Ligand code: GLV
Ligand code: MN
Ligand code: MN
Ligand code: MN
């Protein structure tokens, strides 16, 4: 494992799920923020937190036109060691190499860590970049609640971030001349190509929807089977409907990875089940059509158990095509590097609507991500750092 990843390998391990659970402003995330500060200071970088809880480490005076690189340090529940941290560690490594060689940058440089990229605590992925770019309304963000009922505004206060200042941050955004996110690949593209590193071409359109399935809560022992309106059974049918509707559409991906059963007792027929849908497709229109098809199938499915369902959009990101100028530059500087699309969302994708953005992918030999089985060989991580260093030298 890369030295920097080694330093944080013990932080946020999840003994119950396996892998890592590092969630915004909670124990492991706070420890990683302290590690980030210490790591940055070892390189003589100046650390600052912006209005939305994103962390910056500046090499040189903060200012407009900066070359910014980084990723995130939070994880999905039971996630891998590389998704997010690889980009942060690689940014520090590349800057350390530039410094050691006596390189003097001609424009400001920063390492940037976005808050709540996975949306694992408050439900909205890429929350830090959406807030910065004005992609989510600040009032809506402040009212988001975590599974313990803590609002984002309350959590911000506890983390020392002023909730009144959350929201579009022109000053921070204005400093980003361009953004590069290095990331472990989350599919098999580089395995198939037999290559260690690729440049991202595009990201699928994707979003999250809440399916609220409503039935009749009742006593598990006193209620005979005929006539039950059990939303758990309806939700099970709904999950199958999601799978079947999306399997019929080439290229579509749809997942229900999280359920909340209300009230959630072994001897209680539930009254409500919340199921979260993650749906993705190549185009915006294709993804909208996918969700429409899913909605129709789910409505029909829950009706078989006398239940009803409401479908609410919680977040949306249209198809991202990464900056053509940067892609050309990367192709030139990294001679013969392959270009790959991805189905995974990233802060670089959110930023792409506002500033030139680009991504580098490092091969993941398992092809598995959002799981403890996510991996990257040390040699491939070094190839990623080599690429990032080359790009920084040419852009600075
Ligand atoms: C984030 O990793 C996502 O693509 O869901
Ligand atoms: Mn992820
Ligand atoms: Mn990630
Ligand atoms: Mn992601």
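Residue numbers (the numbering used here): 1071 to 1466. C-beta: ideal position from N, C-alpha, C; glycine also. Note that the coordinates shown come from a computational prediction; the quantities given were computed from them, not determined experimentally.
According to DSSP, residues forming a beta bridge with residue i
i	result
residue 1351	1275
residue 1140	1182
residue 1411	1272
residue 1344	1282 and 1330
residue 1087	Looking at the DSSP assignment, residue 1087 forms no beta bridge with any residue, so it has no partner.
residue 1105	The partner list for residue 1105 (beta bridge, DSSP) is empty, contrary to what the question assumes.
residue 1221	1215
residue 1381	1281
residue 1289	1338
residue 1391	1272
residue 1097	Paired residues: none, contrary to the question.
residue 1267	1432
residue 1149	1090
Opening and closing residue of the alpha helix (DSSP H) in which residue i lies
i	result
residue 1328	Unbroken run through residue 1328 is the beta strand (DSSP E), 1323-1332; no alpha helix (DSSP H).
residue 1174	Careful: residue 1174 lies outside any alpha helix (DSSP H) and carries neither H nor E.
residue 1313	1301-1317
residue 1254	Segment 1246-1254 is the beta strand (DSSP E) holding residue 1254; no alpha helix (DSSP H) there.
residue 1462	1448-1465
residue 1160	1155-1170
residue 1197	1197-1203
residue 1396	1394-1403
residue 1194	Taken as a continuous stretch (DSSP letters only), residue 1194 belongs to no alpha helix (DSSP H), as it is neither H nor E.
residue 1294	Careful: residue 1294 lies outside any alpha helix (DSSP H) and carries neither H nor E.
residue 1469	Here the chain covers residues 1071 to 1466 and nothing more, so residue 1469 does not appear.
Nearest-angstrom beta carbon gap, residue j and residue i [assumed within contact, 8 angstroms]
i	j	result
residue 1372	residue 1361	Their Cβ separation, rounded to whole angstroms, is 16 angstroms, which puts residue 1372 and residue 1361 out of contact at 8 angstroms.
residue 1080	residue 1091	Wrong, their Cβ atoms sit about 13 angstroms apart, outside the cutoff.
residue 1093	residue 1099	6 angstroms
residue 1087	residue 1148	3 angstroms
residue 1385	residue 1251	Wrong, their Cβ atoms sit about 19 angstroms apart, outside the cutoff.
residue 1280	residue 1095	Actually they do not touch by this definition, with Cβ atoms about 23 angstroms apart.
residue 1277	residue 1349	6 angstroms
residue 1135	residue 1177	5 angstroms
residue 1390	residue 1246	At roughly 16 angstroms, the Cβ-Cβ gap does not stay under 8 angstroms, so residue 1390 and residue 1246 are not in contact.
residue 1484	residue 1433	Given that the chain is displayed from residue 1071 to residue 1466, the structure contains no residue 1484 and the question cannot be resolved.
residue 1168	residue 1208	Rounded, the Cβ-Cβ distance is 36 angstroms, inconsistent with contact.
residue 1453	residue 1267	5 angstroms
residue 1203	residue 1448	Not confirmed; about 35 angstroms, so no contact.
residue 1307	residue 1286	Not a contact, Cβ separation roughly 16 angstroms.
Separation of residue j from residue i, as counted between CA atoms
i	j	result
residue 1157	residue 1428	12 angstroms
residue 1394	residue 1343	44 angstroms
residue 1430	residue 1159	14 angstroms
residue 1290	residue 1197	40 angstroms
residue 1131	residue 1212	31 angstroms
residue 1259	residue 1238	35 angstroms
residue 1551	residue 1233	In this structure the chain extends from 1071 to 1466, so residue 1551 is not present and cannot be described.
residue 1446	residue 1435	6 angstroms
residue 1265	residue 1144	27 angstroms
residue 1397	residue 1456	17 angstroms
residue 1215	residue 1330	14 angstroms
residue 1345	residue 1309	8 angstroms
residue 1261	residue 1335	45 angstroms
residue 1317	residue 1323	8 angstroms
residue 1072	residue 1414	23 angstroms
residue 1226	residue 1219	14 angstroms
residue 1076	residue 1224	33 angstroms
residue 1186	residue 1122	10 angstroms
residue 1138	residue 1175	12 angstroms
residue 1269	residue 1460	13 angstroms
residue 1312	residue 1172	56 angstroms
residue 1411	residue 1376	42 angstroms
Enclosing beta strand (DSSP E) for residue i [first to last residue]
i	result
residue 1127	1125-1129
residue 1431	1427-1432
residue 1118	1116-1119
Ligand 6 heavy atom lying under 7 angstroms from the CB of residue i
i	result
residue 1322	No copy of ligand 6 occurs in the structure displayed; its ligands are ligand 1, ligand 2, ligand 3 and ligand 4 alone.
Task: Around ligand 3, Cβ to any heavy atom closer than 5 angstroms, ordered along the chain - done: 1153 and 1154
Open item on the list: Taking 5 angstroms as the limit, name every residue whose beta carbon sits nearer than that to some heavy atom of ligand 1, in sequence order.
Closed with: In chain order, the qualifying residues are 1414 and 1415.
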